[in-house]
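Enquirer:
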Amino acid sequence: MKIDEILVMLADDHHIFREGVQSLFTGVKHIRIMDLAGSGTEAIEKYKENQPDVLLLDISLPDMNGFEVAERILKDDPNARIIILSMHENPDFIKKALKTGVKAYLTKEETTREVLVKAIEEVFKGKNFFTDKVAKVIENQNNIQNAEDSAFPKLSKRETEILQLIMEGLSNAEIAKKLFLSIRTVETHKFNIMSKLNMKSTVELVKYALKNKLVDFK
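Counting in the numbering used here, the sequence shown runs from 1454 upward without gaps.
(1) Considering only C-alpha positions, which residue in the set 1495, 1507 and 1529 is nearest to residue 1515?
(2) If I measure Cβ to Cβ from residue 1500 and keep anything under 7 angstroms in the same chain, skipping five residues before and after, which residues do I get?
(3) Would you please state the rounded distance, in angstroms, between the beta carbons of residue 1522 and residue 1484? I believe it to be under 8 angstroms.
(4) Using a Cβ-Cβ cutoff of less than 7 angstroms, which residues in the same chain neighbour residue 1652 once the five nearest sequence positions on both sides are dropped?
(5) Applying the criterion that 16 or more other CB atoms from any shown protein chain within 10 Å of the CB defines a buried residue, is residue 1581 buried or exposed?
(6) Could you give the DSSP three-state label for residue 1681: helix, strand or coil?
(7) Name the DSSP beta bridge partners of residue 1560, please?
(8) Using a Cβ-Cβ cutoff of less than 7 angstroms, which residues in the same chain neighbour residue 1524 once the five nearest sequence positions on both sides are dropped?
(9) Might you give, ordered along the chain, the residues of its own chain that have their beta carbon closer than 8 angstroms to the beta carbon of residue 1459, omitting 5 neighbours on each side?
(10) What distance in whole Å lies between the Cβ atoms of residue 1511 and residue 1464, which are believed to be in contact at a cut-off of 8 angstroms?
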């Protein structure tokens, strides 16, 4: 894919950092910093007005955080290509950024000319971009989530439905009537639930389900 020129907007509240980033692109013919913003409000307004190809967005802005800015821009322009620039490599920040829909997350200490150019090029093509450092954080978070998920045996949709009714205090007969099932079928599902969770009594099952929030219970 031949790239003629990528128009980039930079939103950061530190004047010196903005100047530093601009200087990194001196001599880079296919990337041009077309606009600058020092606040979230200014970033949103200038993005709408100028429609840059890529937005470099800081998280810490004076009037609103970068996540809010990204959400507002993506709401109006779902195809917006946004790269988060942050001082933080906090897993929660990275997770929130990805959930928002940004294409890349870079820590400011990684913002070398080579990394920024590569990130902008990839995001411009519609791809995601992460440095090895950020990718490692994402991988560790995924491993933790997978470990947490595997700690609880998976119940089927029907089993979860029946567990919900058990926790509401319904008897097997009442559950059968409510779900249009035979009592024998309900008993079988209940047996399977208790076997999967290694529970020996209904009381033990309810306590376990409450403690581990297996179903919604008010």
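Using N, Cα and C, we set each Cβ at its ideal position, and we do this for glycine too.
Expert: According to the structure shown:
(1) 1495
(2) 1462, 1508 and 1526
(3) The pair is not a contact, with the Cβ atoms about 21 angstroms apart (cut-off 8 angstroms).
(4) 1658 and 1661
(5) exposed
(6) The structure shown has nothing for residue 1681, since the chain only spans 1454 to 1671.
(7) 1539
(8) 1553
(9) 1483, 1484, 1485, 1506, 1507, 1573, 1574 and 1577
(10) 6 angstroms
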